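Beneath this line is the structure, given in C-alpha cells, with notes to follow.
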Amino acid sequence: MGFVEDSTFTYEGFQVVRGEYFAHTYEPSITLNSYKLSVNRSCLNRLPNVDYVQVLVNPKDKKLVIRPSNEDEKGAFRWRVKGKLASRQVLCKVFFAMIMDLMEWNPGYRYKLLGKMVMSKSEYLYVFDLTEPEIYQRLPRDPVTGKVIHTGSRQPMYPEEWKNQFGLPIEEN
Numbered sequence: 032m033g034f035v036e037d038s039t040f041t042y043e044g045f046q047v048v049r050g051e052y053f054a055h056t057y058e059p060s061i062t063l064n065s066y067k068l069s070v071n072r073s074c075l076n077r078l079p080n081v082d083y084v085q086v087l088v089n090p091k092d093k094k095l096v097i098r099p100s101n102e103d104e105k106g107a108f109r110w111r112v113k114g115k116l117a118s119r120q121v122l123c124k125v126f127f128a129m130i131m132d133l134m135e136w137n138p139g140y141r142y143k144l145l146g147k148m149v150m151s152k153s154e155y156l157y158v159f160d161l162t163e164p165e166i167y168q169r170l171p172r173d174p175v176t177g178k179v180i181h182t183g184s185r186q187p188m189y190p191e192e193w194k195n196q197f198g199l200p201i202e203e204n
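Heads up, the final residue of the sequence shown is numbered 204 in my numbering, and it's a clean run with no missing numbers.
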C-alpha cells in the first residue's frame, strides 16, 4: 500500500474526538433511567464472582464508584440476576432523584456513563465520571394508547459545553 509523504502536515487545529461519541459495547457502563440503575454485561464479566456491590458518590468531584461488597455490608445490593451473568435493573427512586438534582439533569432523559475499572489497595472497582454522560431523550408516547411512537432511532444529546466541538484540541490532550 502506498502513501504520500507530506512534510507540511501538522496537527494544528485538530481536536481529539471524545470517546463518548463512539459505541462502547465492551466497556463498563451504567445507565440511569426511569428511577432505575443498571450495569452492562461488561461490568459483570470483569467481576464474575461478585454478586453484591455498593455505590459510592463523591458529590464534590462528581464521581460515582461501584465496588464489590459482601451481602451483609451497609448499602450492599445484588447487581446481577442470581447465578447468571445478566444485570438487573435496580429501582432506586431517592438515589435517582438525588443524582438528578446533583447534576441538574432532566429525570425524563436516560443517562449512560462509561467507566474505568481501577485497582486500588488490592481492590477492583469501577469509577464513573458523572460530568461526561451520554444523554438520550425518551421516545414520545401516544396519549390515547400509551404506546411508544417510534420516530426512528433514539436521538442522542450532549452537554451544552460540547456544542461546536468534537473534543479537546490536540495540544490539550
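Just so you know, even glycine gets a beta-carbon here, dropped at the ideal spot from N, CA and C. Please read these numbers as outputs of a predicted model, since none were measured by experiment.
Identity of the residue in the options nearest residue i by Cα
| i | options | result |
| --- | --- | --- |
| Q196 | F34, F45, S38, M150 | F45 |
| P190 | P171, T176, I166 | I166 |
| D82 | F108, Y52, R49, D37 | F108 |
| R141 | W193, N64, M150 | N64 |
Same chain, Cβ closer than 6 Å to residue i, five either side skipped, listed in chain order
| i | result |
| --- | --- |
| K147 | V158 |
| E102 | Y83 |
Alpha carbon of residue i to alpha carbon of residue j, nearest angstrom
| i | j | result |
| --- | --- | --- |
| M131 | L68 | 12 Å |
| F34 | S60 | 39 Å |
| Q168 | Y57 | 23 Å |
| Y52 | D92 | 23 Å |
| V175 | W110 | 36 Å |
Same chain, Cβ closer than 7 Å to residue i, five either side skipped, listed in chain order
| i | result |
| --- | --- |
| P90 | L133 |
| V47 | G198, L199, I201, N204 |
CB of residue i within 9 Å of CB of residue j, strictly
| i | j | result |
| --- | --- | --- |
| K105 | Q85 | yes |
| P171 | Y66 | no |
Residue i beta carbon near the ligand GTP (any heavy atom closer than 8 Å)
| i | result |
| --- | --- |
| R72 | This structure lacks the ligand GTP; in fact it carries no ligand of any kind. |
Sequence-distant residues of its chain with Cβ nearer than 8 Å to residue i (five each side left out)
| i | result |
| --- | --- |
| E135 | none |
TODO: Specify whether the stretch 90-105 and the stretch 157-166 touch according to this definition: at least 3 beta carbon pairs, one from each stretch, less than 8 Å apart.
DONE: yes
Open item on the list: Quick check: the stretch 113-122 against the stretch 69-80, are at least 3 beta-carbon pairs closer than 8 Å?
Closed with: yes
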